[in-house]
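Reminder that position 39 of the sequence shown reads as 39 in the numbering used here, one-by-one numbering, no gaps. The structure appears right after this line, and notes come after that.
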Amino acid sequence: MLASPRLWPQGSVSPRSVGPRSAGRLAFAALCGLVVAWGAEPVAAQGKLEAQYEATLAGIPVGKGAWNIDIGDDVFAAAASGGTAGLLKSFAGGSGTGASQGRVVNGALVATGYQASTTTSKKTEQIHITLDKGNVKEFGIVPEPPVDADRIVVTDAHRRGVWDPMTASLLRVPGTGDPVTPDACRNAAPVFDGRMRYDLKLDFKRMESVKAEKGYRGPVVVCALYFVPVAGYIPDRPVIKYLAAQRNIEIAFAPVAGTRILVPFWLKVPTPLGPAMLEATSFITSAQPPKVAKTQ
């Protein structure tokens with residue numbers, strides 16, 4: 001949910017040979033990498049979200065994070081941060097931050113910028129993307145990653161009509177009724193995270209009820225999530241093959257009050273050591289009244 005959704009940090013995870021360190025990284029990736037991207041249709045009204053998340057691996061806490069979203073009359077902003085925790089922190093520590101901002105044009109979210117920073121025991125990496133109406137105008141990774149001849153090249157065409165990872169995490173449900181319905185899962189979208197270009201697709205699975213320790217309690221819609229790599233990846237890398245073959249990744253969406261936007265409440269990714277789970281412990285959301293134009 002923050003930084004870039006590379007899905008796994010540097011250092012591929014083999015589905016047949018995964019130790020505690022790699023599996024821990026996988027769970028951390030669920031905490032600060034995996035987000036969902038969908039088309040931004042008009043947003044009805046304004047709302048805010050302040051949420052806290054916990055990541056677990058086979059039921060063992062391995063990370064924590066926070067996510068704040070503010071949708072106003074004419075601008076929006078989203079920011080997240082997180083890091084490893086507990087036993088995992090002692091041998092596979094890491095942390096990350098991510099943020100996006102943009103304009104609200106005729107009710108639609110139009111991102112203009114995205115920034116992310118990820119720190120592990122080996123290095124710190126910073127990513128930035130500048131967008132104009134869904135097209136990438138400029139981007140960069142510091143330090144610049146080495147050129148790999150086996151990596152599928154990302155072309156200019158791949159960077160048109162895409163969403164940055166943070167803005168992409170806002171799922172718009174059209175209509176006027178309750179947004180928490182099976183229709184929310186009828187979505188697919190292109191994502192560019194500064195390195196990779198991939199598609200994320202949803203399929204409806206079921207309806208559930210959730211209860212955060214603080215804040216939201218109510219229905220969520222659970223979708224199957226499918227990862228389809230397009231460019232910017234190395235085809236023979238085991239983690240890419242593993243993710244692309246997965247049919248058991250699930251994500252549950254809850255609403256932001258005052259809007260028709262849904263955001264992830266929990267995410268479950270299968271791993272060889274058990275499920276990596278990211279779940280909201282606090283999910284406080286409130287509708288915001290529209291600004292009143294000043295009059296003389």
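From the three backbone atoms N, C-alpha and C, an ideal C-beta is built for every residue, glycine too.
| query | result |
| --- | --- |
| For G63, write down the residues that DSSP places opposite it in a beta bridge. | A55 and T84 |
| Does the separation of the CB atoms of V230 and S169 fall below 8 angstroms? | no |
| For the beta strand (DSSP E) containing L243, name the first residue and the last one. | No beta strand (DSSP E) contains L243, which is instead part of the alpha helix (DSSP H) from P238 to A245. |
| With a Cβ-Cβ cutoff of 8 angstroms, do I249 and V220 count as a contact? | no |
| For F139, which of A149, T112, A66 and S121 has the nearest alpha-carbon? | T112 |
| Go through its chain and collect everything with a Cβ distance to L171's Cβ below 8 angstroms, but skip five positions before and after it. | V36, W38, A184, N187, F253, I261, L262 and V263 |
| What residues are listed by DSSP as bridge partners for F253? | V221 and P264 |
| What three-state label does DSSP hand R172 in the structure shown? | strand |
| With a 10 Å radius around its C-beta and 16 neighbouring C-beta atoms as the bar for buried, classify A55 as buried or exposed. | buried |
| Would you call A276 buried or exposed, if buried means 16 or more other Cβ atoms sit within 10 Å of its Cβ? | buried |
| Are there 16 or more other CB atoms within 10 angstroms of the CB of E125, so buried, or fewer, so exposed? | buried |
| In its own chain, which residues sit with a C-beta less than 6 angstroms from the C-beta of Y53, not counting the 5 before and 5 after it? | G65, L278 and A280 |
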